[in-house]
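Participant:
Protein chains: 2
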Amino acid sequence: MHDARLTAARVARLATVDPDGRPHLVPIVFALDGNTLYSAVDRKPKRSQTLRRIENARARPDVTILVDHYEDEWSRLWWIRVRGRARVLDDGEERERALGLLQEKYPQYRDEPPDGPVLAVDVTEAREWTASATQPTTPGPERIDRS
Amino acid sequence: MHDARLTAARVARLATVDPDGRPHLVPIVFALDGNTLYSAVDRKPKRSQTLRRIENARARPDVTILVDHYEDEWSRLWWIRVRGRARVLDDGEERERALGLLQEKYPQYRDEPPDGPVLAVDVTEAREWTASATQPTTPGPERIDRS
Numbered sequence: 100m101h102d103a104r105l106t107a108a109r110v111a112r113l114a115t116v117d118p119d120g121r122p123h124l125v126p127i128v129f130a131l132d133g134n135t136l137y138s139a140v141d142r143k144p145k146r147s148q149t150l151r152r153i154e155n156a157r158a159r160p161d162v163t164i165l166v167d168h169y170e171d172e173w174s175r176l177w178w179i180r181v182r183g184r185a186r187v188l189d190d191g192e193e194r195e196r197a198l199g200l201l202q203e204k205y206p207q208y209r210d211e212p213p214d215g216p217v218l219a220v221d222v223t224e225a226r227e228w229t230a231s232a233t234q235p236t237t238p239g240p241e242r243i244d245r246s
Numbered sequence: 100m101h102d103a104r105l106t107a108a109r110v111a112r113l114a115t116v117d118p119d120g121r122p123h124l125v126p127i128v129f130a131l132d133g134n135t136l137y138s139a140v141d142r143k144p145k146r147s148q149t150l151r152r153i154e155n156a157r158a159r160p161d162v163t164i165l166v167d168h169y170e171d172e173w174s175r176l177w178w179i180r181v182r183g184r185a186r187v188l189d190d191g192e193e194r195e196r197a198l199g200l201l202q203e204k205y206p207q208y209r210d211e212p213p214d215g216p217v218l219a220v221d222v223t224e225a226r227e228w229t230a231s232a233t234q235p236t237t238p239g240p241e242r243i244d245r246s
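Chain order of the listed sequences is A and B. Counting with the working numbering, you get residues 100 to 246 for the letters of the first sequence. Counting with the working numbering, you get residues 100 to 246 for the letters of the second sequence.
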């Protein structure tokens, strides 16, 4: 994963699956390290340390993450969709390293570091789509992907 | 559903569930009409009229849609998450009406109207989250939601 647009993106959306089988969706901030994407849970009172996204990822680790660019000039639309396996880091060295990467990317985290678990997603599949590649006469990735 | 931010949003993300149970995610443009949210499939060659999102929604109509606002000033973050039941409109009057709403909101659709199916999502649940409501000392909606 060395996609400059993915690395630079400030926000992504994380989809997990609820226990009842319905999709769950939240925006996340994230940092990429090699093939692993990290996001943290914001500081919370102890009673709500267990968040739906985290519990979903523990139970069903196949998650999907989307980064997209929107503007009214539709020929400039693009998105990157990542699928991967999630691991919940409740503590330990990898979690500390991930928090460091997040603080590097987001100064907002430096004042108030997240104290909840870190979600690590090992990317197994990435797909990019760019509007300019999907003109009717030029079948592009989305055609094949049938999104 | 009379949320001004939701109505005004230009882009949302649609989560469905793949046949293998993994979440699927795409950005969508949409128009809201009462409690129903409509999105269309862009013009495609006939061979790819069936898109993953559409087939997922036919098979498992419980879908989730997210509209969010990101900026580096995190106290201004917000999101709106909608859950609903999807219906696929392959033709008919409601589809035509939805296309009219989409063309009204997005002039881009006027030159090249989408000729695929329209996805109608009847909203059953909506949740809003605003950063300013979730300071550690002021439990807000996200606490209850445990997202």
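Think of the CB as a built atom: it goes at the ideal place given N, C-alpha and C, for glycine as much as any other residue.
Measuring alpha carbon to alpha carbon, tell me which of S174/A, G199/A, R182/A and L218/A ends up nearest L150/A.
Facilitator: Closest option to L150/A, judged by alpha-carbon separation, among S174/A, G199/A, R182/A and L218/A: L218/A.
Participant: Would you call the segment 206-213 of chain A and the segment 111-123 of chain B touching, i.e. three or more CB-CB distances under 8 angstroms?
Facilitator: no
Participant: Find out if the Cβ-Cβ distance for the pair R184/B, D132/B is shorter than 8 angstroms.
Facilitator: no
Participant: Between A225/A and chain B, is there a C-beta pair that is closer than 8 angstroms?
Facilitator: no
Participant: Please report the residue range of the alpha helix (DSSP H) in which R112/A lies.
Facilitator: No alpha helix (DSSP H) contains R112/A, which is instead part of the beta strand (DSSP E) from A111 to V116.
Participant: Give the interface partners of Q207/A over in chain B, defined as CB-CB distance under 9 angstroms, in chain order.
Facilitator: D171, E172 and W173
Participant: Could you name the residues of chain A that V220/B contacts, counting a contact when the two beta carbons are closer than 8 angstroms?
Facilitator: Ordered by position in chain A, no residue passes the 8 angstroms Cβ test against V220/B, which lies about 12 angstroms from the chain.
Participant: Where in the segment 136-209 of chain A do unbroken runs of the alpha helix (DSSP H), each at least 4 residues long, occur, reported from the N-terminal end onward?
Facilitator: 151-158 and 192-204
Participant: Are the C-beta atoms of T163/B and some chain A residue less than 8 angstroms apart?
Facilitator: yes
Participant: Assign A107/B to one of three DSSP states: helix, strand, or coil.
Facilitator: helix
Participant: What number of angstroms, rounded off, separates the C-alpha of T237/B from the C-alpha of E227/B?
Facilitator: Any answer about T237/B is weak, because its pLDDT of 36 lies below 50 and its placement is not dependable; what the coordinates show is given next. The straight-line gap from Cα to Cα measures roughly 16 angstroms.
Participant: Could you tell me how far apart the beta carbons of I153/A and V110/A are, in whole angstroms, since I believe they sit closer than 8 angstroms?
Facilitator: Not quite, the Cβ-Cβ distance comes to about 18 angstroms (not below 8 angstroms), so this is no contact.
Participant: The segment 105-126 of chain B: which residues have C-beta closer than 7 angstroms to a C-beta of chain A, in chain order?
Facilitator: R109, V110, R112, A114, T115, V116, G120, R121, P122, H123, L124, V125 and P126
Participant: Can you pull out the residues from the segment 177-190 of chain A whose beta carbon lies closer than 9 angstroms to at least one beta carbon of chain B?
Facilitator: W178, R180 and R182
Participant: Around the C-beta of P122/A, are 16 or more other C-beta atoms found within 10 angstroms, so that it is buried, or is it exposed?
Facilitator: Buried is the label assigned to P122/A, since at least 16 other Cβ atoms lie within 10 Å of its Cβ.
Participant: Mind checking S138/B: buried by the 16 CB within 10 Å criterion, or exposed?
Facilitator: buried
Participant: Taking the C-alpha atoms as reference points, what is the distance between D190/A and L136/A?
Facilitator: 17 angstroms
Participant: Can you find a C-beta in chain A that's less than 8 angstroms from the C-beta of D210/B?
Facilitator: no
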